[in-house]
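See structure below.
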Amino acid sequence: MAVNERRSAEDDGLDLLHLATAHLRRHTDDGWVAVAPRVLASALAALRTSHPVRGRHAEGDYTVADGVLRTSVRTLLDGDPRLRVSRVAFRTDARGVLEQAVVELSAAYLQPIAPLAADVRTRVAGHLRDVLGDPGLPDAMVSVDLVVTDVHRP
49 MAVNERRSAE DDGLDLLHLA TAHLRRHTDD GWVAVAPRVL ASALAALRTS
99 HPVRGRHAEG DYTVADGVLR TSVRTLLDGD PRLRVSRVAF RTDARGVLEQ
149 AVVELSAAYL QPIAPLAADV RTRVAGHLRD VLGDPGLPDA MVSVDLVVTD
199 VHRP
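Just so you know, we're using the working numbering here: the sequence shown kicks off at 49 and counts up by one.
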């Protein structure tokens with residue numbers, strides 16, 4: 049590359065990726081365990097594009113960025129000591145109408161999973177209906193799936 053040649057954002061991203069990869073290779077397994085959650089969260093945030101999710105109200109349709117919707121679901125669940133949210137994902141149809149929400153979480157040790165799952169599903173489905181402007185939307189239209197991937201100390 050010539051000194052006065054313009055660099056693209058993609059080139060900068062690749063340089064940063066190579067630098068990050070080189071630094072990560074220096075970590076021991078113990079070191080990787082310590083930094084992995086932060087590194088993965090940063091990578092997902094940097095690579096995640098925002099998709100519109102269609103909502104409805106009396107004046108017509110509107111869209112909400114899925115990143116905003118994801119943050120609102122995390123905020124809804126963050127105060128619950130029975131769980132820690134790891135990931136929130138959405139699936140929409142071709143028109144942007146929400147079809148599925150997936151909440152991946154860690155449950156508190158010895159927390160009964162079935163009541164926790166039922167409560168989280170109900171709260172998230174209600175929240176999504178409120179945010180997307182159709183509180184009368186039947187639960188069957190938007191499925192809320194839970195994935196418990198870990199346990200943690202309460």
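Every residue gets a Cβ at the ideal spot worked out from N, C-alpha and C, and that includes glycine. Bear in mind the structure is a predicted one, so any value in this text is a computation, not a measurement.
- Nearest-angstrom Cα separation, counted from V136 out to S98: Within the sequence shown, residue 98 is the residue found at index 50, counting from 1. Within the sequence shown, residue 136 is the residue found at index 88, counting from 1. Answer to the nearest angstrom: the Cα atoms are 13 Å apart.
- Task: Return the CA-CA distance between A70 and R86, expressed in angstroms with no decimal places.
- Result: Indexing the sequence shown from 1 puts residue 70 at position 22. Indexing the sequence shown from 1 puts residue 86 at position 38. About 17 Å.
- Item | Exposure label - V83; buried when at least 16 CB within 10 Å | Within the sequence shown, residue 83 is the residue found at index 35, counting from 1. The residue in question, V83, is exposed, as its Cβ has fewer than 16 Cβ neighbours within 10 Å.
- Neighbour-count burial assignment, G108, 16 or more Cβ in a 10 Å radius: Mapped onto the sequence shown, residue 108 falls at position 60. Exposed.
- Taking the CB atoms as reference points, tell me whether Q159 and L131 lie closer together than 9 Å. Here the question's residue 159 lines up with position 111 in the sequence shown. Here the question's residue 131 lines up with position 83 in the sequence shown. Taking 9 Å as the Cβ cut-off, Q159 and L131 qualify as a contacting pair.
- Look at the alpha carbon of L72 and the alpha carbon of H66, and state the distance between them as a whole number of angstroms. If you number the sequence shown from 1, residue 72 lands on position 24. If you number the sequence shown from 1, residue 66 lands on position 18. Distance between the alpha carbons of L72 and H66 is about 10 Å.
- Of the residues R201, T170, V150, P202, the one placed nearest V195, counting alpha carbons only: On the sequence shown, position 147 is the one that residue 195 refers to. When each option's Cα is compared against that of V195, the closest is V150.
- Message: Whole angstroms are fine: how far does the CA of G181 sit from the CA of L88?
- Response: Taking the sequence shown and counting its residues from 1, the one referred to as residue 88 is at position 40. Taking the sequence shown and counting its residues from 1, the one referred to as residue 181 is at position 133. Taking the straight line from one Cα to the other gives about 33 Å.
- Could you give the distance in angstroms between the alpha-carbon of V133 and the alpha-carbon of A166? As a working mapping, residue 133 is identified with position 85 in the sequence shown. As a working mapping, residue 166 is identified with position 118 in the sequence shown. So the alpha carbons of these two residues sit roughly 15 Å apart.
- Message: In the DSSP output, what is E147 paired with across the bridge?
- Response: Against the sequence shown, residue 147 aligns to sequence position 99. Partner(s): none; E147 has no beta bridge.
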